[in-house]
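Report on the structure given below.
Protein chains: 2
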Amino acid sequence: MRVILDAHGGDNAPLEAIKGAALAAKEYGCTVVLCGNEPELRALAEQEKISLDNLEFLQADDVITMEDEPGSVLKAHKDCSMAVGLRAVAAGEGDAFISAGSTGALLMGATFLVKRIKGVSRPAIGSVLPSEKAPYLLLDMGANVECRPEMLFQFAHMGHLYMSHVLKHGEPASVGLLNVGTEDTKGGEIQKAAFALLKESDLPFIGNVEARDVPAGVADVVVTDGFSGNVLLKTMEGTASMIMHNLKGVFFKNTRSKLAALMVKGGLSDLKKLMDTAEYGGAPILGVKRPVIKAHGNSNARAFKNAIRVALEFAEADVISKIETALTAEKEGEPVE
Amino acid sequence: MRVILDAHGGDNAPLEAIKGAALAAKEYGCTVVLCGNEPELRALAEQEKISLDNLEFLQADDVITMEDEPGSVLKAHKDCSMAVGLRAVAAGEGDAFISAGSTGALLMGATFLVKRIKGVSRPAIGSVLPSEKAPYLLLDMGANVECRPEMLFQFAHMGHLYMSHVLKHGEPASVGLLNVGTEDTKGGEIQKAAFALLKESDLPFIGNVEARDVPAGVADVVVTDGFSGNVLLKTMEGTASMIMHNLKGVFFKNTRSKLAALMVKGGLSDLKKLMDTAEYGGAPILGVKRPVIKAHGNSNARAFKNAIRVALEFAEADVISKIETALTAEKEGEPVE
Chain A
51 MRVILDAHGG DNAPLEAIKG AALAAKEYGC TVVLCGNEPE LRALAEQEKI SLDNLEFLQA
111 DDVITMEDEP GSVLKAHKDC SMAVGLRAVA AGEGDAFISA GSTGALLMGA TFLVKRIKGV
171 SRPAIGSVLP SEKAPYLLLD MGANVECRPE MLFQFAHMGH LYMSHVLKHG EPASVGLLNV
231 GTEDTKGGEI QKAAFALLKE SDLPFIGNVE ARDVPAGVAD VVVTDGFSGN VLLKTMEGTA
291 SMIMHNLKGV FFKNTRSKLA ALMVKGGLSD LKKLMDTAEY GGAPILGVKR PVIKAHGNSN
351 ARAFKNAIRV ALEFAEADVI SKIETALTAE KEGEPVE
Chain B
51 MRVILDAHGG DNAPLEAIKG AALAAKEYGC TVVLCGNEPE LRALAEQEKI SLDNLEFLQA
111 DDVITMEDEP GSVLKAHKDC SMAVGLRAVA AGEGDAFISA GSTGALLMGA TFLVKRIKGV
171 SRPAIGSVLP SEKAPYLLLD MGANVECRPE MLFQFAHMGH LYMSHVLKHG EPASVGLLNV
231 GTEDTKGGEI QKAAFALLKE SDLPFIGNVE ARDVPAGVAD VVVTDGFSGN VLLKTMEGTA
291 SMIMHNLKGV FFKNTRSKLA ALMVKGGLSD LKKLMDTAEY GGAPILGVKR PVIKAHGNSN
351 ARAFKNAIRV ALEFAEADVI SKIETALTAE KEGEPVE
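Just so you know, the protein sequences line up as chains A and B, in that order.
Sequential numbering of the first sequence, starting at 51, is according to my numbering.
Sequential numbering of the second sequence, starting at 51, is according to my numbering.
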């Protein structure tokens, strides 16, 4: 397997990207293609004594930043590492593409350079998040702030196939529709229409789910529009950060509390790890013709390594041809697995 | 001041409602009118040795449950304690009304029995929530799942006046519009139009706010539609509950961790208290002609007492006539304070 990595995407690029690529190449035995300024990347690797075993390079002369307009990935910055990498994966020169750069630019680039799967209205960004039971997939988490019911229906199919074959290794992933209550009739017109479509489908649809039950692990896939998906994701991050910050205050109060912190150090570090989205290895962009993963903007080497692992699993499970089959069958009115 | 309390609303009614009323009457020197089945309430108070000082009764023969249709508060259950109490507060027989019963029924009852303030499109439910800095008001938190920009604009005015005069005692409360990013152009059509209205207004509008920054205390009032408001509120509750549950696991692991828990007991209890929405005393229904407060469904005596305190402050600050003045001025194109 060959994974193409945008070496210049993210707050800690290119150093942490190179480190993560080296870790992944060693641990998973895959080839990682570093897309970016080859001389600069080689010099940095040499300086930091990072092994180049199983690493390759794909030259790109430009970089797109967080300040650049997302659309510039197709025009002013069409030769940036993100665009070059996306064109390479689209041409079959790699099995998957990863970037920790601008989400908007990556979505734009994936949609127009890798292109949509036939029948997909709009690609969605999924986010794998922690719950008390097991990680779940939330989608859309910001790509489409306004959604039609048919889009939510497609998100459900794509999310179901991704989770069933990547995170759950073949076990069917349950699907819930985010809503303001669990009753069938809850929500606005969009939720009601999406509910009806999902109820009719052959998906393992568990009905409407409330945001309160999502962190408890109520469903493997939680479907919603990009606006409320973004609100859910960021409220979770903000609340966790507020509690962890206050908890730190509890432990740093005095000598006795500092001693207490030492006594539960392992447990606290597990808790912190549970809430750390970097552990989950990035967000799949679903609905385009090749596996594309958005890694967190502040990814460190470990997060890049995890994103590469997820990209490998995404490619190996052949989720994209499963989505193609499902959407074609759905269109023809046949039952969808 | 006379506060009318629905003695039969909530999971722990009527006992905790009576206890809370007695605590409030003693602590705040107000009169609390218990609305419900007087013989039953008197018998319970006697049995539990609860003082009836400053408590009065208003007989209601029926009760509305969580399973009843919200609309039944106006028809099949028009003589329930909630409806009787709402009619009494509308008639000026009390300064405020509180219920921990069905949110839907209370909103319906408040809208049609207490009636809307002239010019208000739709009443909103505000929720006072904890942040790292100070409590903030989130509205709407579920009454209106679909909102027009003008509704969000009115919510901003009402929320601003409520927070400025109730929780901030005259200091102007800042207003933020919940969005998927902080840039002015973020969001869908509704957010963009609401942003333009708010930008033009004389409110202390700080612009778009992200859900991630809300628990950090970015604004005193956070305005959004009922769908994402509900998602934000419930994600916060669900995330806090997941972390607190895991934290419990960390401390109950072994003898050493249990000892550590004892050493930081005070701090942990403060943290739990910070996250406990019952501390904040209930959610105002804004946009109707009299102060109406929705107390949490699982309110205990302390939560009922806190809700009565908030109801007193709501009435004393005369927020409703301030809203009337503001909306009239806004309509006439004059600057609104």
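Quick reminder that beta carbons are idealized off the backbone N, C-alpha and C, glycines included.
Owing to the predicted nature of the structure, the values given are computational and were not obtained by experimental measurement.
Item, Value
"Contact check, residue 277 of chain A vs residue 238 of chain B, beta carbons under 8 Å", "yes"
"Stretch-stretch touch, CB-based, cutoff 8 Å, three pairs: the stretch 336-352 of chain B with the stretch 55-69 of chain B", "yes"
"Per-residue burial, residue 214 of chain A [other beta carbons within 10 Å of its own, 16 or more giving buried]", "buried"
"Nearest residue (CA-CA) to residue 370 of chain B, options B/355, B/335 and B/346", "B/335"
"Own chain, CB closer than 6 Å to residue 202 of chain A, minus 5 neighbours either side, in chain order", "244 and 273"
"Reduced DSSP secondary structure (H/G/I, E/B, other) of residue 87 of chain B", "coil"
"Residue 198 of chain B at chain A interface by Cβ criterion, 8 Å", "no"
"Simplified DSSP state of residue 147 of chain B, which is helix, strand or coil", "strand"
"Residues sharing a beta bridge with residue 52 of chain A, DSSP", "A/81"
"Whole-number beta carbon distance between residue 167 of chain B and residue 55 of chain B, since they are thought to touch under 8 Å", "Their Cβ separation, rounded to whole angstroms, is 23 Å, which puts residue 55 of chain B and residue 167 of chain B out of contact at 8 Å."
"Reference residue 137 of chain A, options A/364, A/322, A/339 and A/380, closest by Cα", "A/339"
"CA-to-CA distance, residue 267 of chain A to residue 346 of chain B, given in whole angstroms", "24 Å"
"beta-carbon residue 174 of chain B near the ligand GTP non-hydrogen atom, thresh 7 Å", "Absence of the ligand GTP from the depicted structure is noted, as is the absence of any ligand whatsoever, leaving it without description."
"Closest Cα partner of residue 263 of chain B within the set B/249, B/110 and B/186", "B/186"
"Residue 81 of chain A versus residue 107 of chain A - alpha carbon distance", "10 Å"
"Status (buried if at least 16 other CB within 10 Å, exposed otherwise) for residue 127 of chain B", "buried"
"Proximal chain A residues relative to residue 263 of chain B, where beta-carbon distance stays under 7 Å", "288"
"Whole-number beta carbon distance between residue 91 of chain B and residue 57 of chain B, since they are thought to touch under 8 Å", "6 Å"
"Nearest to residue 171 of chain A (by Cα), restricted to the options A/188, A/207, A/180 and A/154", "A/207"
"Between the CA atoms of residue 140 of chain B and residue 131 of chain B - distance to the nearest angstrom", "14 Å"
"Residue 231 of chain B to residue 89 of chain B span [Cα, whole Å]", "56 Å"
"When B/70, B/325 and B/296 are compared against residue 150 of chain B, the one with the closest alpha-carbon", "B/70"
"For residue 281 of chain B, the first and last residue of its enclosing alpha helix (DSSP H)", "276-301"
"Opening and closing residue of the beta strand (DSSP E) in which residue 260 of chain B lies", "255-260"
"Interface residues of chain B facing residue 62 of chain A [CB-CB closer than 9 Å]", "Those within 9 Å of residue 62 of chain A in chain B number zero; the least Cβ separation is about 20 Å."
"Cβ distance (whole Å) where residue 377 of chain B is taken to contact residue 169 of chain B below 8 Å", "4 Å"
"Pairwise C-alpha distance: residue 290 of chain B and residue 96 of chain A", "45 Å"
"Residue 293 of chain B at chain A interface by Cβ criterion, 8 Å", "yes"
"Where residue 372 of chain A falls: helix, strand or coil (DSSP)", "helix"
"Contacting residues, own chain, Cβ-Cβ under 8 Å from residue 222 of chain A (five flanking each side not counted)", "210, 214 and 254"
"Rounded C-alpha distance that separates residue 192 of chain A from residue 309 of chain A", "42 Å"
"Under 9 Å (Cβ pairs) to chain A, residues found in the stretch 233-263 of chain B", "236, 237, 238, 239, 240, 241, 260, 261, 262 and 263"
"Nearest-angstrom Cα separation, counted from residue 52 of chain A out to residue 269 of chain B", "47 Å"
"Proximity test, Cβ basis, 8 Å: residue 385 of chain B and chain A", "Unreliable placement is indicated for residue 385 of chain B, whose pLDDT of 46 sits below 50; the coordinate value is still reported in the next sentence. Not an interface residue."
"Exposed unless 16 or more other CB atoms sit within 10 angstroms - verdict on residue 224 of chain A", "buried"
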